[in-house]
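Counting in this note's numbering, the sequence shown runs from 312 upward without gaps. From the three backbone atoms N, C-alpha and C, an ideal C-beta is built for every residue, glycine too. Each remark here refers to the structure printed beneath this line.
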Amino acid sequence: MHAKRSITPQMSIRFGAFFGQSEEFWHGIQIDCDFRALRKEASRITKYVQTAESLIACESPH
């Protein structure tokens with residue numbers, strides 16, 4: 312794979328059949344790789360996200 316292409320659901324089925332494993336195994340590997348890549352960008356992704364707690368605090372009367 313060499314991190315050049317994602318494992319598509321179709322490829323997950325093919326790999327599962329070829330290696331005698333479930334397609335969920337191969338799909339899970341891709342999800343894990345995607346998540347690891349996004350974790351590196353977590354601060355950029357969440358920079359402008361308000362927490363539920365902060366929104367509730369703004370709406371509740373003081």
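Less than 7 Å between C-beta atoms, sequence neighbours within five positions excluded: which residues of the same chain meet that for I340? Here the question's residue 340 lines up with position 29 in the sequence shown. Hits under 7 Å: I318.
Determine the closest residue to I324 out of L349, Y359, H338, with distance taken between C-alpha atoms. Here residue 324 is taken as the residue at index 13 of the sequence shown, counted from 1. Answer by Cα proximity: H338.
Could you check what DSSP says for T357 in three-state terms: helix, strand or coil? The residue given as residue 357 occupies position 46 in the sequence shown. Looking at T357 - three-state DSSP - the assignment turns out to be helix.
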